[in-house]
Amino acid sequence: AQSVTQLDSQVPVFEEAPVELRCNYSSSVSVYLFWYVQYPNQGLQLLLKYLSGSTLVESINGFEAEFNKSQTSFHLRKPSVHISDTAEYFCAVTARLSGSARQLTFGSGTQLTVLP
Amino acid sequence: DTGVSQDPRHKITKRGQNVTFRCDPISEHNRLYWYRQTLGQGPEFLTYFQNEAQLEKSRLLSDRFSAERPKGSFSTLEIQRTEQGDSAMYLCASSRSGTWNTGELFFGEGSRLTVL
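The following block contains the structure:
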């Protein structure tokens, strides 16, 4: 079984400042890692994912996350946030299984609030 | 719109009543998932289908919960004799299966249940 810990439930940050949302996972097998974002009154949307290869992955809106196997972490970063980044961010993990993967295990979420 | 759709978006019911939620997945996706999300928590897995077969159920899914996916298309989640603790957002997601499935899920906007 897998588990995900998001250490910060709320992160307030001023516009144009950098931000890091922390995510640690636990698993006895190799995993795929994801960050999902949930904007107010909207469904969860995939932000970025780590499957294999380069440990640094990027989204189209400037977020990046780095897979660190030794620290079992997948922290999300953005060098300069915008008001529109205000949302709840969920880290998620699924086991790499022979064939295809199945359910995702989510962390409890981090509410990012960008202040003007 | 070719995304995952859920109906109703909001349901208020009295304790003891039965409720049913419907999910229409993305048409070419043969996997369908139900998750539950309570306030301040990440989504928790309930059950999933591959085509019409229900392949896995969480221990969170008590005997009062039943899910179906007739003909492998839309799915319904029924809760019988609702309790106040059932109040939550019920999320549906879909994905493809196959060796190239990476566990990425596409979520609907959810059905919010309030039990009075």
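Protein chains in written order, with my numbering: chain A, 1 to 116; chain B, 117 to 232.
Just so it is clear, CB atoms sit at the ideal spot from N, CA and C, and this is done for glycine as well.
Check whether the Cβ of residue i lies closer than 8 Å to any Cβ atom in chain A.
i: B:Y149; result: yes
i: B:E168; result: no
i: B:E144; result: no
i: B:L232; result: no
i: B:F223; result: yes
i: B:G226; result: yes
Could you compute how far the alpha carbon of residue i sits from the alpha carbon of residue j?
i: A:S59; j: B:V231; result: 38 Å
i: A:Y114; j: A:S84; result: Note on identity: in this sequence residue 114 of chain A is Val, with Tyr being the wrong assignment. So the two alpha carbons sit approximately 8 Å from each other.
i: A:S26; j: B:R147; result: 25 Å
i: A:A87; j: A:S9; result: 12 Å
i: A:A65; j: B:Q153; result: 24 Å
i: B:S227; j: A:F74; result: 30 Å
i: A:A1; j: B:F161; result: 13 Å
i: A:V57; j: A:L48; result: 7 Å
i: A:Q38; j: A:Y50; result: 19 Å
i: A:S3; j: A:G53; result: 23 Å
i: A:K78; j: B:P124; result: 36 Å
i: A:L104; j: B:R175; result: 15 Å
i: B:A183; j: A:P116; result: 45 Å
i: B:W150; j: A:C91; result: 18 Å
i: B:E220; j: B:V135; result: 29 Å
i: A:V81; j: B:D202; result: 36 Å
i: A:L7; j: B:T118; result: 35 Å
i: B:C208; j: A:N68; result: 30 Å
i: B:T163; j: A:T5; result: 22 Å
i: A:P18; j: A:Y89; result: 16 Å
At least one CB of chain B closer than 8 Å to the CB of residue i: is that the case?
i: A:S108; result: yes
i: A:K49; result: yes
i: A:G43; result: yes
i: A:Q2; result: no
i: A:Q10; result: no
i: A:L46; result: yes
i: A:L104; result: yes
i: A:P18; result: no
Pull out every residue of the segment 152-165 of chain B whose Cβ sits closer than 8 Å to any Cβ of chain A, in chain order. Per Cβ criterion, the list reads G156, Q157, G158, P159, E160, F161, Y164.
Pairing CB atoms from the segment 184-195 of chain B with CB atoms from the segment 158-170 of chain B, are three or more of them under 8 Å? Contact between the segment 184-195 of chain B and the segment 158-170 of chain B is present, because at least three Cβ pairs lie under 8 Å.
Quick one: complete beta strand (DSSP E) runs, 3+ long, within the segment 48-74 of chain A? If one requires a minimum length of 3 residues, the beta strand (DSSP E) runs lying completely within the segment 48-74 of chain A are 56-58, 64-68, in chain order.
With three or more C-beta pairs closer than 8 Å as the rule, is the segment 128-145 of chain B touching the segment 194-201 of chain B? Cβ pair count under 8 Å is three or more, so yes.
Residues of the segment 184-199 of chain B whose Cβ lies closer than 8 Å to any Cβ of chain A, in chain order: Going along the segment 184-199 of chain B in chain order, one finds no residue with a Cβ nearer than 8 Å to chain A.
In chain order, which beta strand (DSSP E) runs of at least 3 residues are fully inside the segment 190-220 of chain B? Whole beta strand (DSSP E) segments, 3+ residues: 191-195, 204-211.
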